[in-house]
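Encoded as structure tokens, the structure appears first; notes follow it.
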Amino acid sequence: MKVAIGGPLKLAFRPWVEGLENIPAEGPAILASNHLSFSDSFFLPAVLDRKVTFIAKAEYFTTPGVKGRMTAAFFKGVGQLPVDRSGARGAGEAAIRSGIEVLERGELFGIYPEGTRSPDGRLYRGKPGGLARVALATGAPVIPVAMIDTEKIQPPGQVMPKLMRPGIRIGKPLDFTRYQGMEHDRFVLRAVTDEVMYEIMKLSGQEYVDMYATAMKRQLAEAAKAEKEAERAARAAVARADKEQAEKVKAAMEQADRGPSER
Numbered sequence: 012m013k014v015a016i017g018g019p020l021k022l023a024f025r026p027w028v029e030g031l032e033n034i035p036a037e038g039p040a041i042l043a044s045n046h047l048s049f050s051d052s053f054f055l056p057a058v059l060d061r062k063v064t065f066i067a068k069a070e071y072f073t074t075p076g077v078k079g080r081m082t083a084a085f086f087k088g089v090g091q092l093p094v095d096r097s098g099a100r101g102a103g104e105a106a107i108r109s110g111i112e113v114l115e116r117g118e119l120f121g122i123y124p125e126g127t128r129s130p131d132g133r134l135y136r137g138k139p140g141g142l143a144r145v146a147l148a149t150g151a152p153v154i155p156v157a158m159i160d161t162e163k164i165q166p167p168g169q170v171m172p173k174l175m176r177p178g179i180r181i182g183k184p185l186d187f188t189r190y191q192g193m194e195h196d197r198f199v200l201r202a203v204t205d206e207v208m209y210e211i212m213k214l215s216g217q218e219y220v221d222m223y224a225t226a227m228k229r230q231l232a233e234a235a236k237a238e239k240e241a242e243r244a245a246r247a248a249v250a251r252a253d254k255e256q257a258e259k260v261k262a263a264m265e266q267a268d269r270g271p272s273e274r
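Residue 12 is where the sequence shown starts when you use my numbering, and the numbers rise one by one after that.
Printed below as a string of structure tokens:
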């Protein structure tokens with residue numbers, strides 16, 4: 012897949028990279044990145060010599076039919092790991108187990124601490140469950156990564172990608188072994204996550220928003236829904252007013268028609 016996808020991707024978009032020397036030549040490490048675009052999971056592995064394993068929902072691997080098999084082959088080829096989101100605690104626990112297994116094999120594990128793509132290009136608060144727990148459970152170093160301008164390549168609603176140069180900045184590894192054994196302390200998890208997010212913010216230059224991206228997406232969805240409802244209500248009000256006006260005009264015309272005959 013590095014040849015089939017990575018090569019053409021680098022040739023077409025020519026991504027620039029800073030800090031490649033911070034990626035260890037061997038051994039486990041966690042790549043914690045901001046998340047601007049679906050393409051982040053392709054550009055980052057494309058510029059590295061080593062394989063990076065990200066997590067993806069299991070539905071990408073279990074869809075039946077020819078298209079489903081092709082999708083599964085594609086995600087497996089680019090290093091995506093299926094995560095079953097069913098169960099008591101869903102995707103969070105599955106992601107943690109998957110991350111630990113990848114790191115125990117001495118590989119690179121990629122994770123997006125924000126938990127979802129940024130809805131507006133800003134950097135949102137990191138979720139403390141996955142990243143911090145995996146780091147403390149394994150002792151693997153956390154390498155902050157900043158994806159630059161990937162959201163501009165194919166904005167929502169745009170079919171064809173825009174040919175432009177995205178960037179990748181890779182920071183120095185962060186060591187959290189001082190907290191090992193404390194992966195169930197929520198204050199420690201928060202501190203570890205916030206330290207990583209601060210480094211990502213410095214690398215990316217993004218504006219930081221102290222709320223979860225999922226919460227912002229809910230707010231935006233609710234605002235969009237309210238706006239649509241307001242538009243429907245406005246159209247309905249205009250329609251009622253037009254109907255009332257038409258009825259008044261009709262009544263006036265009928266009255267005018269009756270007038271001469273009555274006289």
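We put the beta carbon where it would ideally sit given N, CA and C, even for glycine.
Can you have a look at residue 189 and say buried or exposed, based on whether 16 or more other CB atoms are within 10 angstroms of its CB?
That one is exposed.
Around the C-beta of residue 142, are 16 or more other C-beta atoms found within 10 angstroms, so that it is buried, or is it exposed?
So residue 142 ends up on the buried side.
With which residues is residue 64 paired in a DSSP beta bridge?
DSSP output for residue 64 lists 120 as bridge partner(s).
Residue 154 bridges to which residues according to DSSP?
In DSSP, residue 154 forms a bridge with 42.
To the nearest whole angstrom, what separates the beta carbons of residue 111 and residue 145, a pair I think is in contact under 8 Å?
Indeed they touch by this definition, with Cβ atoms about 6 Å apart.
According to DSSP, is residue 99 part of a helix, a strand, or is it coil?
Summary for residue 99: the model assigns pLDDT 46, below 50, so the residue's position carries little reliability, and this model does not support an answer.
Beta carbon of residue 187, beta carbon of residue 150: below 9 Å?
Taking 9 Å as the Cβ cut-off, residue 187 and residue 150 qualify as a contacting pair.
Do residue 179 and residue 159 have their CB atoms nearer than 9 Å?
Cβ atoms of residue 179 and residue 159: closer than 9 Å.
State the beta-bridge partners of residue 28 as determined by DSSP.
Residue 28 pairs with 179.
Please classify residue 99 as buried or exposed, where buried requires at least 16 other C-beta atoms within 10 Å of its C-beta.
Low per-residue confidence applies at residue 99: pLDDT is 46, beneath 50, and the placement is therefore not dependable, though the value from the model is reported in the following sentence. The residue in question, residue 99, is exposed, as its Cβ has fewer than 16 Cβ neighbours within 10 Å.
Hey, is the segment 16-23 in contact with the segment 112-132, meaning 3+ C-beta pairs nearer than 8 Å?
Judged by Cβ distances under 8 Å, the segment 16-23 makes no contact with the segment 112-132, as fewer than three pairs qualify.
For residue 230, which of helix, strand or coil comes out of DSSP?
Residue 230 falls in the helix class under three-state DSSP.
Would residue 72 be called buried (16 or more neighbouring beta carbons within 10 Å of its own) or exposed?
Result: buried.
Whole angstroms is fine: what's the gap from residue 209's alpha carbon to residue 155's?
The straight-line gap from Cα to Cα measures roughly 9 Å.
Does DSSP put residue 219 in a helix, a strand or coil?
Looking at residue 219 - three-state DSSP - the assignment turns out to be strand.
Could you tell me the distance, in whole angstroms, from the CA atom of residue 134 to the CA atom of residue 122?
So the alpha carbons of these two residues sit roughly 15 Å apart.
Just list the residues that DSSP pairs residue 19 with in beta bridges.
None; residue 19 has no bridge partner.
Answer yes or no: do residue 62 and residue 115 have a C-beta to C-beta separation smaller than 9 Å?
Result no, Cβ atoms of residue 62 and residue 115 do not sit closer than 9 Å.
Are residue 52 and residue 65 close, meaning C-beta to C-beta below 9 Å?
Yes, Cβ-Cβ distance for residue 52 and residue 65 is below 9 Å.
Do residue 204 and residue 47 have their C-beta atoms within less than 9 Å of each other?
Result no, Cβ atoms of residue 204 and residue 47 do not sit closer than 9 Å.
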